[in-house]
Each structure stands twice: as structure tokens, then as C-alpha cells.
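Each residue of the sequence shown is one higher than the one before, counting from 1 in UniProt numbering.
Built from N, CA and C at the ideal position, the CB exists for glycine as well.
First up is the structure itself, then whatever we jot down about it.
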Amino acid sequence: MTTASTASRHRRRRGEDDTTVRNWSELPDGPLHTIFTCLCSFVDFISFSSVCRSWRAVTSALSPSDITSRFPPLLLIASYTREGRASGCRVLDPASPSFSCSLDRISNNRASANFPILTNHGRFLRPVRPAGNHQHVILNPFTGEEIYSPIIPKGGTSINRFHPTHLSFIDSALLLITNYDVFHWRVGSPSWSCHSPKIHPTGGEIVVIVKDKMYAMDSAERLFELELSPQLHLRHLAVDGIGDGRFSFKIFLVDCGGELLFLRLVPTERIMGMQLEAFRLDLSINQATWVKIENLGNWAIFVGYWTELPGLAVENPERWGGRSNCVYFSMNGNVDWPWVMIKLGEEIDTSDPESPLFNGNPRQRVKTSWVYPGF
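Structure representation (C-alpha cells):
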């Protein structure tokens with residue numbers, strides 16, 4: 001009797017048949033998707049993807065929304081030297097408090113050593129100037145991959161901000177807003193498209209995508225709508241509803257379940273006191289209006305002291321141990337106390353060392369950003 005037939009006879013004695021799955025790599029897609037729904041953090045997600053090729057294929061087929069709707073973002077903590085060079089990068093996961101890892105690709109990367117680095121959606125973006133020409137490099141800190149943009153056309157040398165327009169790396173693009181022009185480059189295309197708007201943003205722009213519509217807000221809290229096709233276009237969108245004359249210390253834009261939210265940090269009547277307010281954009285009537293909201297329901301929002309990036313929203317955070325109706329606010333350079341949870345309208349004492357707005361140690365050259373890794 002052959003070894004194969006003996007093994008088959010033993011399986012029949014145990015009530016098994018020849019189609020029984022005998023190792024993890026043979027699991028069909030159904031059970032794999034069931035296992036995926038039980039994952040609670042990016043640490044679990046990465047471990048799941050690392051089991052074998054068939055498991056990795058399941059995660060590769062997921063859309064960005066499948067991932068971002070299930071897991072909280074990671075907190076990227078980038079450290080800089082006095083000269084502005086990247087000296088290290090650490091990653092924390094709010095769903096796995098004990099997890100912490102360093103991204104050596106940043107500190108060891110030759111191209112990252114000479115220029116300040118800004119972060120956006122899991123990518124580092126840097127200006128580079130070979131032979132006097134202006135272009136940018138996209139660096140993936142999780143894989144070490146670099147992509148260089150074409151040379152920016154004439155007029156784009158004084159750049160205020162630049163923003164990727166999509167979470168996915170394949171569909172990503174760069175949007176550059178300068179003092180006078182708006183530039184757009186999709187990864188893989190040979191050149192930039194350019195638009196000169198009639199009304200120019202004042203700088204400090206935040207860009208966010210909501211239901212395939214792209215919005216930008218400048219430091220004067222003016223809202224703009226951007227169109228990428230059929231041609232690049234930026235127009236000012238007049239919005240009513242706030243007008244209380246109070247100074248906003250920080251502002252944030254967030255896509256929260258398909259609604260555009262505007263969060264602002266404003267002073268309270270108490271000395272050194274601040275609080276967060278939130279408004280949703282109502283386009284149901286002829287005149288666009290900001291409507292104040294008192295709570296976030298079953299959503300959690302992630303923002304930080306550095307406001308170049310849009311906030312991120314996660315539904316039902318209790319499934320990974322988080323809290324609904326809270327704003328996760330990353331701290332100002334405090335690596336020992338990386339974030340706090342704030343409710344809308346809750347007073348923040350900025351003189352408290354545990355406050356997210358406490359200046360802390362000015363010698364700590366640290367910048368934190370909530371990101372979804374782009375693998």
C-alpha cells in the first residue's frame with residue numbers, strides 16, 4: 001500500500017475527505033474574509049498579510065476604503081535635527097498601545113538627508129532642485145520607494161503647500177498651490193497641468209476630498225472648490241453660517257462619512273482656555289451654509305497640532321478599543337504623551353503640560369501626523 005493511500009485511509013477514519021484543508025495557505029477566500037473582519041488594528045492587518053502569498057493576495061484586493069473604514073490611522077512621529085534634516089521616524093498605533101516601531105528608511109535614506117520633510121497620507125514629500133530646476137519627490141517611509149515628479153513649469157517656484165489628492169498610491173496625484181497658480185500632476189504623467197484662479201488663496205491651504213469633490217480652505221477660512229477634469233479649475237465658494245468674529249487658533253477640514261466638517265480651535269472666556277467647535281457644510285439650499293454640530297455621534301476624528309493635513313474620521317471606534325464622539329488630538333512635540341482625546345466644546349487649558357497645545361520643550365524638533373500607510 002502506498003504512502004498516499006495510507007494517509008487517505010487515516011483521514012477517512014478521522015471523518016475527513018481528500019478536500020480537507022490541511023494548512024493555512026489553503027484556506028478559501030470565504031474564511032479568509034471572515035478572519036479579516038476580526039482584525040482590530042494595522043498591526044493585525046500587517047501580520048495577516050505576512051502569513052503567506054494567498055493571504056497577502058486577499059489584502060491586496062481590498063480597496064483603500066475597506067482599510068480606512070475599519071482601522072484607525074497610525075501616528076507618525078518624525079524628528080528633525082537643528083538643520084532641518086530627518087533624524088528618525090517612529091510609528092504608534094492607537095489600537096495597539098504597546099506597539100511602536102522605527103522607520104529606518106527615513107533616517108538612512110540618502111535623498112531625505114538634505115531637505116525638510118512634510119508628510120501627507122503616508123507619504124513624505126520634499127522639494128528637490130537638481131541643476132536649478134524645481135521638482136518634488138514622493139517617498140514612501142514604509143517601503144522606501146521614491147517617485148520624482150516632472151520639473152515644475154515656470155511660475156511654480158514660490159510654492160506655499162502641496163497635497164496628494166488621494167489615499168491610494170496608484171491613483172495618487174500632487175496638487176501644488178502657489179501664490180498665483182494651481183498645479184496638478186498625476187503620478188505617471190509626463191507633465192503638470194496649471195490653472196491661474198481669479199481669487200487666490202492666502203496660504204496655509206488644507207485640501208480634502210469628499211464624495212469625489214475636492215475642497216480647499218486657506219488661512220482666512222475661505223472655502224474653495226477644485227475641479228481636476230475636464231480641466232484644472234479652482235473657484236471660491238461663498239459659505240454663510242459662522243461670522244462670530246472670533247479668531248481661530250487652528251482650523252481643520254475632515255471628510256466624515258461623506259460630509260465635509262470644518263473644525264476650529266477658538267478661545268474661551270477663561271484666560272489660556274481653548275475649545276474645539278465643529279460645523280458641517282450644508283449644500284441642500286441655494287446658499288452654502290456652515291451648520292454647527294454639538295457631537296460627532298459614533299465617529300472619532302483624528303487631527304493634530306500641525307494643520308497642513310486634513311483630519312481623518314473613523315466610524316465605530318469601539319471595535320478597536322477607541323471612543324466615539326471624540327477628537328484624537330496629537331500633541332505638540334511631546335513624544336512621551338503623543339495624543340489626547342477631546343470632546344467638542346470641552347475647555348482645554350493650554351497652560352497644562354498635558355494639554356495638546358502646551359508648547360512643551362522647544363528643543364524637541366518633532367512633528368506628528370495621523371496617516372494611513374501606503375503599501
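Between the Cα of residue i and those of the options, spot the shortest distance and give me the residue it belongs to.
i	options	result
P267	E346, F329, G321	E346
G273	L39, F249, I35	F249
V327	L283, R270, R264, K367	R264
T350	I271, T178, S41	I271
P150	F142, L176, R319, N140	L176
residue 386	F183, S100, V91, Q231	An answer regarding residue 386 cannot be provided, because it is not within the stretch 1 to 375 covered by the chain.
S219	Y148, G203, E26, L232	G203
F329	L39, R319, M341, L276	M341
E145	W192, P97, G122, S47	G122
N179	S193, W55, P197	P197
M214	G258, H200, P190	G258
A95	A216, C40, V210	C40
P230	S69, S193, A216	S193
I206	L260, S189, V187	L260
L174	I199, H200, T143, V208	V208
K211	E225, I199, H200	E225
R70	K367, G88, I152, F36	F36
G188	G30, V137, F42	V137
S54	I77, G30, F42, V43	G30
P97	K367, V43, W24, L281	V43
Do you know how far the Cα of residue j is from the Cα of residue i?
i	j	result
R246	A278	14 Å
V58	L32	8 Å
S369	L74	8 Å
R222	P72	29 Å
I348	E227	37 Å
P116	D181	Note that P116 scores 46 on pLDDT, short of 50, meaning its location in the model is unreliable; the coordinates nonetheless yield the value given after this. Distance between the alpha carbons of P116 and D181: 23 Å.
W185	H195	12 Å
F262	F99	31 Å
K343	S355	13 Å
L357	L139	29 Å
M331	E26	45 Å
C38	L103	27 Å
R235	L283	16 Å
Y148	E269	49 Å
E318	P353	28 Å
S50	A216	38 Å
L296	W337	24 Å
C101	R56	21 Å
P201	A61	38 Å
V371	N298	21 Å
F45	P28	18 Å
I293	P373	30 Å
If you reduce the DSSP assignment to three classes, tell me which class residue i lands in.
i	result
I46	helix
E145	coil
W192	coil
S98	strand
D66	helix
S41	coil
S29	A small fix is needed here, since residue 29 is Asp in this sequence, not Ser. D29: helix per DSSP, three-state reduction.
S369	strand
F71	coil
V51	coil
I293	strand
W306	coil
S60	helix
I285	coil
T178	strand
W339	strand
I242	coil
I138	strand
I35	helix
L76	strand
To which residues does DSSP link residue i through a beta bridge?
i	result
V207	A216
K250	L265
M274	P267, I348
L237	L223
G322	For G322, which the question treats as bridged, DSSP gives no partner whatsoever.
W185	L174
residue 384	What the structure shows of the chain is the stretch from 1 to 375, and residue 384 is not part of that stretch, so it cannot be assessed.
I301	A313, V327
L260	D255
L232	Per DSSP, none; premise fails for L232.
L92	L75, S100
Checking contacts by CB at 9 Å: is residue i closer than that to chain D?
i	result
V208	Here chain D cannot be found, since the structure has a single protein chain.
Measuring from the CB of residue i, is there a heavy atom of the ligand SAM at a distance below 8 Å?
i	result
M214	Judged by which ligands are present, the structure shown has none, so any question about the ligand SAM falls away.
At least three beta-carbon pairs within less than 8 Å, the stretch 224-241 to the stretch 282-289: yes
Contact the stretch 56-66 vs the stretch 306-313: 3+ CB pairs below 8 Å: no
Sufficient close CB pairs (3 or more, under 8 Å) joining the stretch 298-305 to the stretch 314-321: yes
Any 3 or more C-beta pairs closer than 8 Å across the stretch 317-325 and the stretch 248-260: The stretch 317-325 vs the stretch 248-260: no contact.
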